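Worksheet: one structure, shown below.
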Amino acid sequence: EDQAKAPDTDQKVNPLDEVMDTVTGSGDEGSKKRYDVLILNETTPGMSRASGRVLPANVPASLRQRLKKDMDKGEYGKIEWSIDSIRFAGQSQATLTYVVGGVVHETSTAEDFQVYHFFPFSEEEELLSNVRLAIVVVGLGLVLLLAAIAYLVTRQVVSPVRLARQAAERLASGKLDERLKVRGEDDLARLANSFNEMAANLALKIHQLEELSQVQRQFVSDVSHELRTPLTTVRMAADLLYDAREDFDPMASRSAELMQAQLERFESMLADLLEISRYDAGAATLDIDSVDMRDVVHRAIADSEALAERHSTRFDIRLPHEPCMVEVDNRRVERILRNLLFNAIEHGEGREIVVTVGADRDAVAVAVRDHGIGLKPGEETMVFDRFWRADPSRARTIGGTGLGLAISREDATLHGGWLQAWGQPGEGSQFRLTLPRLAGADLKGSPLSLVPPEIEMRRTWRGHMTPVLLPASGDGGGHDED
Numbered sequence: 001e002d003q004a005k006a007p008d009t010d011q012k013v014n015p016l017d018e019v020m021d022t023v024t025g026s027g028d029e030g031s032k033k034r035y036d037v038l039i040l041n042e043t044t045p046g047m048s049r050a051s052g053r054v055l056p057a058n059v060p061a062s063l064r065q066r067l068k069k070d071m072d073k074g075e076y077g078k079i080e081w082s083i084d085s086i087r088f089a090g091q092s093q094a095t096l097t098y099v100v101g102g103v104v105h106e107t108s109t110a111e112d113f114q115v116y117h118f119f120p121f122s123e124e125e126e127l128l129s130n131v132r133l134a135i136v137v138v139g140l141g142l143v144l145l146l147a148a149i150a151y152l153v154t155r156q157v158v159s160p161v162r163l164a165r166q167a168a169e170r171l172a173s174g175k176l177d178e179r180l181k182v183r184g185e186d187d188l189a190r191l192a193n194s195f196n197e198m199a200a201n202l203a204l205k206i207h208q209l210e211e212l213s214q215v216q217r218q219f220v221s222d223v224s225h226e227l228r229t230p231l232t233t234v235r236m237a238a239d240l241l242y243d244a245r246e247d248f249d250p251m252a253s254r255s256a257e258l259m260q261a262q263l264e265r266f267e268s269m270l271a272d273l274l275e276i277s278r279y280d281a282g283a284a285t286l287d288i289d290s291v292d293m294r295d296v297v298h299r300a301i302a303d304s305e306a307l308a309e310r311h312s313t314r315f316d317i318r319l320p321h322e323p324c325m326v327e328v329d330n331r332r333v334e335r336i337l338r339n340l341l342f343n344a345i346e347h348g349e350g351r352e353i354v355v356t357v358g359a360d361r362d363a364v365a366v367a368v369r370d371h372g373i374g375l376k377p378g379e380e381t382m383v384f385d386r387f388w389r390a391d392p393s394r395a396r397t398i399g400g401t402g403l404g405l406a407i408s409r410e411d412a413t414l415h416g417g418w419l420q421a422w423g424q425p426g427e428g429s430q431f432r433l434t435l436p437r438l439a440g441a442d443l444k445g446s447p448l449s450l451v452p453p454e455i456e457m458r459r460t461w462r463g464h465m466t467p468v469l470l471p472a473s474g475d476g477g478g479h480d481e482d
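Quick note on the working numbering: the sequence shown kicks off at 1 and runs consecutively.
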């Protein structure tokens with residue numbers, strides 16, 4: 001056995017292999033190798049050694065050049081390094097690697113060796129990848145958690161507000177019994193309590209106003225009907241006195257004439273009260289007939305001629321040449337036009353009144369334009385309120401109850417039409433009646449503009465007008481032209 005072992009004991013081991021075993025730590029069993037080594041001899045490639053999957057081609061060119069310069073200068077033991085992405089043998093992707101190199105001179109053989117240590121960052125990259133993945137997962141989890149918390153908090157805050165908005169909309173639409181549920185004692189609960197108290201007070205006030213309005217309407221209706229019988233008797237007696245006024249002395253004759261005129265005014269006022277009470281009771285109906293709107297306008301103007309003469313007012317009538325046939329209640333439409341004409345005469349300050357008729361395939365319109373005091377902003381709708389007056393201090397010149405335009409608005413609505421007003425202080429006003437050609441049809445527009453044409457032209461002209469500065473004359477004079 002001793003003789004058999006002798007050859008192994010005497011066998012020589014290559015010094016480079018011993019060095020490789022030393023630097024790579026191959027003798028430490030169980031230790032995990034974290035780097036690879038390349039010993040490179042460019043003059044004698046057979047003396048080169050490498051561990052793992054390292055090849056001479058894996059050495060970064062810049063690092064090899066620096067070590068070559070060190071060899072040329074004889075600077076042994078100098079450490080050079082480089083960080084590059086290196087794809088080792090058998091790998092499909094490059095790995096970021098820290099490469100450390102130096103030159104070693106072997107004195108016994110006078111050989112120069114380039115020694116490279118390769119420290120791949122694969123484990124570090126894997127660790128960073130795991131950390132990134134963990135951060136992404138945790139981040140997504142936090143985002144989802146925050147989103148869930150935000151949703152719950154928003155739901156707790158927004159849901160009561162949304163319910164309050166919906167309840168307010170239903171309350172505004174007329175559902176006065178709408179209430180909010182009160183939960184807890186926080187600010188939202190106090191808001192719900194305040195809303196419910198407001199709704200209850202509002203419902204109570206509206207109910208009281210409705211009762212008062214109903215009482216007023218019933219009173220007007222009852223008084224109007226009760227006055228008809230005694231008024232008829234008084235009317236008969238007044239007619240007899242009026243017919244025999246020539247047999248009376250001048251004082252009694254004048255009294256009979258005054259009584260006759262005031263009775264006519266009283267009958268007109270009573271008729272207005274009865275008419276408005278019919279609308280309140282929902283008993284107003286239409287007697288539909290096909291008429292030419294031009295004829296209706298002529299009759300209404302004829303009824304207004306006497307009043308216009310007393311106010312030194314004349315009419316400018318603008319009618320189309322073609323018939324304007326429309327299905328309406330002739331009596332009610334004539335009343336609308338008379339009210340509009342009387343109103344224009346009273347507020348027109350003696351200036352010309354323009355009456356325009358327009359028609360298209362679906363509608364017929366009549367516009368009454370005066371050049372009087374006009375309307376202030378916001379009065380375009382108030383003018384149709386019952387008993388409303390633009391200037392309460394101004395005395396009426398043609399009498400009336402203050403119900404004329406209110407009744408006219410109701411008449412227009414009963415036809416499915418529109419009665420609208422426009423006005424500006426100092427520019428006068430214009431009232432436009434628009435009716436569908438066929439009874440029961442829906443209106444989509446009006447053939448006439450609500451704003452008078454001259455006002456529209458003036459606005460357009462001002463919108464396109466630009467000031468022009470004229471050049472100054474030689475004597476220094478000049479002016480601006482608009």
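Quick reminder that beta carbons are idealized off the backbone N, C-alpha and C, glycines included.
The structure presented is a predicted model; accordingly, all values stated were derived computationally and were not measured.
Are residue i and residue j close, meaning C-beta to C-beta below 8 Å?
i, j, result
"Val-364", "Leu-319", "no"
"Asn-58", "Ser-48", "no"
"Ala-172", "Phe-195", "no"
"Arg-235", "Leu-273", "no"
"Ser-253", "Arg-245", "yes"
"His-371", "Gly-428", "yes"
"Asn-343", "Gly-402", "no"
"Asp-36", "Gly-52", "yes"
"Thr-95", "Phe-119", "no"
"Val-497", "Arg-437", "In the structure as shown, the chain starts at 1 and stops at 482, and residue 497 therefore has no counterpart that could be examined."
"His-311", "Ile-345", "yes"
"Pro-453", "Gly-374", "no"
Using the three-state DSSP reduction, which class does residue i fall into: helix, strand or coil?
i, result
"Gln-91", "coil"
"Ala-147", "helix"
"Tyr-35", "coil"
"Tyr-76", "coil"
"Val-354", "strand"
"Ile-336", "helix"
"Ala-110", "coil"
"Arg-183", "coil"
"Pro-425", "coil"
"Ile-83", "strand"
"Leu-209", "helix"
"Glu-380", "helix"
"Phe-387", "coil"
"Arg-441", "Looking at the sequence itself, residue 441 is Ala, so the reference to Arg does not match. In this structure, Ala-441 counts as coil in the three-state DSSP scheme."
"Val-297", "helix"
"Glu-327", "strand"
"Arg-318", "strand"
"Gly-374", "coil"
Nearest CA to the CA of residue i: which residue from the options?
i, options, result
"Pro-160", "Gly-101, Val-131 and Asn-193", "Asn-193"
"Ala-237", "His-225, Ala-252, Gln-260 and Gln-216", "Gln-260"
"Glu-267", "Leu-340, Thr-381, Pro-230 and Leu-144", "Pro-230"
"Val-103", "Lys-69, Glu-275 and Gly-90", "Lys-69"
"Thr-232", "Leu-270, His-321, Glu-257 and Phe-387", "Leu-270"
"Leu-180", "Leu-191, Leu-133, Pro-120 and Gly-174", "Leu-191"
"Phe-88", "Ala-110, Phe-121 and Val-158", "Phe-121"
"Leu-414", "Gly-378, Val-333 and His-347", "Val-333"
"Asp-360", "Phe-219, Lys-175, Leu-448 and Ile-276", "Leu-448"
"Val-354", "Phe-431, Arg-299 and Thr-95", "Phe-431"
"Val-366", "Leu-63, Leu-176, Trp-81 and Leu-433", "Leu-433"
"Arg-369", "Ser-312, Val-296, Arg-437 and Val-451", "Val-451"
"Arg-535", "Ile-276, Leu-375 and Val-115", "Any question about residue 535 goes unanswered here, given that the chain covers just 1 to 482."
"Ala-534", "Lys-175, Glu-210 and Leu-142", "Residue coverage of the chain in this structure runs from 1 to 482, which leaves residue 534 outside it and unanswerable."
"Ser-304", "Val-328, Arg-335, Ala-281 and Asp-287", "Arg-335"
"Pro-56", "Val-99, Val-136 and Asn-339", "Val-99"
"Arg-170", "Ala-203, Glu-126, Asp-186 and Leu-212", "Ala-203"
"Gly-74", "Leu-63, Ala-110 and Ala-50", "Ala-110"
Ignore the nearest five residues each way along the sequence and tell me which others in residue i's own chain have a CB closer than 7 Å to its CB.
i, result
"Tyr-279", "Glu-410"
"Asp-112", "Met-71, Val-103 and His-105"
"Glu-123", "none"
Which residues in the same chain have their Cβ closer than 8 Å to the Cβ of residue i, if we skip the five residues on either side of it in sequence?
i, result
"Ala-441", "Asp-362 and Gly-416"
"Arg-294", "Leu-319, Pro-320, Pro-323, Cys-324 and Val-357"
"Leu-67", "Glu-80, Gly-101, Gly-102, Val-103 and Gln-114"
Can you check the region 216-292 for any beta strand (DSSP E) of at least 3 residues that lies completely inside it and give the ranges in chain order?
288-292
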